[in-house]
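Undergrad: Numbers 1 to 148, taken from the UniProt record's numbering, label the letters of the sequence shown in order. Please see the structure below; I have some questions.
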Amino acid sequence: MSILVLEQFFPYQLTHLQALVTDNIAQIYTGQFDLSPQQWRVLAVLGNNELLTAKEISVRANLEKMPTSRAISGLLTQKLLVKSVHDGDKRCSLLNLTKKGQDLYQQLVPLALKREQELLSVLNEKEQAQIQLIFKKLAKQAKQLKSN
């Protein structure tokens, strides 16, 4: 008979770590900046000034359609995003950060990157490179297993 020790089960460990890291980073954008996790992800995706549709944002931010829509709506209300008509498809809108949104992004990014470095500071450079490689390998394997 097989026994599952949840605390040693890789998917559980990964989910647990993801929640801890997310909560840690969330302290930055939820507190002082009053953004939801979904709004932060939309803001982060649009931070490079690329015009994207809500669907493209959803894919890049790894969010479902409804949370993406709510996040976009909130950011539009706060005047952090601007919506324009897609030249190729009039039914589709393109989204981008406003000047206010870009300013907020520029305030948040250094804080998020600093926190990332604080989290990773327990790993040396070699370990940080290894974890990146491990993440890539696991993502590739998960995609292959999913498609089988």
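Cβ coordinates follow ideal geometry from the N, Cα and C atoms, glycine included. Just so we're clear, the structure is a prediction, and the values are computed from it rather than from any experiment.
Rounding to the nearest angstrom, what Cα-Cα distance links Leu35 and Val109 in this structure?
TA: Spanning the two alpha carbons is a distance of roughly 14 Å.
Undergrad: May I have the straight-line CA-CA distance separating Leu120 from Gln128, to the nearest angstrom?
TA: Their backbone Cα atoms lie some 7 Å apart in a straight line.
Undergrad: How far does the alpha helix (DSSP H) with Asn24 in it reach, from first residue to last?
TA: Asn24 -> alpha helix (DSSP H) spans Phe10 to Gly31.
Undergrad: Answer with buried or exposed for Thr68, where buried requires no fewer than 16 other C-beta atoms within 10 angstroms of its C-beta.
TA: So Thr68 ends up on the buried side.
Undergrad: Just the Cα atoms here: how many angstroms apart are Asn124 and Arg115?
TA: Between Asn124 and Arg115, the C-alpha separation is close to 16 Å.
Undergrad: By a C-beta neighbour count over all protein chains shown, 10 Å radius and 16 as the cutoff for buried, is Ala54 buried or exposed?
TA: Under this definition Ala54 is a buried residue.
Undergrad: Where does Ser121 sit, in a helix, a strand or coil, going by DSSP?
TA: In the structure shown, Ser121 sits in coil (DSSP, three-state: anything other than H, G, I, E or B).
Undergrad: Going by beta carbon distance, what residues of the same chain come within less than 7 Å of Tyr105, once the five residues before and after it are set aside?
TA: Once the five neighbours on either side are set aside, the close Cβ partners of Tyr105 are Leu43, Gly47 and Leu97.
Undergrad: Alpha carbon to alpha carbon, how far is Lys100 from Val82? Give it in angstroms, no decimals.
TA: Using only the alpha carbons, I get a separation of about 10 Å.
Undergrad: Spell out the partners DSSP gives Leu52 in its beta bridges.
TA: Answer by DSSP bridge pairing, in chain order: Leu95.
Undergrad: Using the Cβ count rule (16 or more neighbours within 10 Å means buried), how would you classify Leu17?
TA: Exposed, by the Cβ-count rule.
Undergrad: Within 10 Å of its beta-carbon, does Tyr12 have 16 or more other beta-carbons around it, so buried, or fewer, so exposed?
TA: By the 10 Å Cβ count, Tyr12 comes out exposed.
Undergrad: Which residues in the same chain have their Cβ closer than 7 Å to the Cβ of residue 150, if we skip the five residues on either side of it in sequence?
TA: The chain is shown from 1 up to 148; residue 150 falls before or after that span and cannot be answered.
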